[in-house]
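Engineer: What follows is a structure written as structure tokens; I'll ask about it next.
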Amino acid sequence: MKYALLFNAFTAVCVAKGQPKLCGSDKHNSIQQAIGKFCQKTNIVVPSTYATNGMRGNDGKGFVSIEGTCHPPQWVPQEYCMEQFNNMCANEEVTKKFGRNGCQTWITYGPA
Numbered sequence: 022m023k024y025a026l027l028f029n030a031f032t033a034v035c036v037a038k039g040q041p042k043l044c045g046s047d048k049h050n051s052i053q054q055a056i057g058k059f060c061q062k063t064n065i066v067v068p069s070t071y072a073t074n075g076m077r078g079n080d081g082k083g084f085v086s087i088e089g090t091c092h093p094p095q096w097v098p099q100e101y102c103m104e105q106f107n108n109m110c111a112n113e114e115v116t117k118k119f120g121r122n123g124c125q126t127w128i129t130y131g132p133a
């Protein structure tokens, strides 16, 4: 009996957490394209014209950019660029702060 209760409690916790959102659905395709195009650059620094102007997906609907007030400018490694934008997309976050003292504002948006 104890095992059944423990199993049910464990199952309830797992189901409540649900499955992680994926950023690969049709809904997010344009944002994925924008992330891929934007993050292919290896020398992104924030602030910079490139980071602020951002990039659009092939259909023009998805968009990513990084605005910033970092002084001195901070380099964004490609790996962080991909990982952080993909996490934002998967969690459907429009803006999120990164960088030293939160001096970078990462932005994503796309079709609803």
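Residues in the sequence shown are numbered from 22 upward in steps of one, following the numbering used here. Even glycine gets a Cβ: it sits at the ideal position worked out from N, Cα and C. As the structure is a computational prediction, the values presented were derived from the model and not from experiment.
1) Can you give me the Cβ contacts of Lys62 inside the same chain, cut-off strictly under 6 Å, excluding the 5 residues immediately before and after it?
2) Give the DSSP-derived three-state secondary structure of Thr129 in the structure shown.
3) Can you check which of these residues, Cys110, Arg121 and Lys117, is closest to Ser51 by C-alpha distance?
4) Helix, strand or coil for Gly89 per DSSP?
5) Any heavy atom of the ligand MG within a distance shorter than 8 Å of the CB on Gln95?
6) To the nearest whole angstrom, what separates the beta carbons of Gly89 and Ala72, a pair I think is in contact under 8 Å?
Structural biologist: Here's the rundown:
1) The answer is none, since no qualifying residue turns up.
2) In the three-state reduction of the DSSP assignment, Thr129 falls in the strand class, which pools E and B.
3) Closest option to Ser51, Cα to Cα, is Cys110.
4) Three-state DSSP puts Gly89 in a strand.
5) No copy of the ligand MG appears in this structure; indeed no ligand is present at all.
6) About 7 Å; that satisfies the 8 Å criterion.
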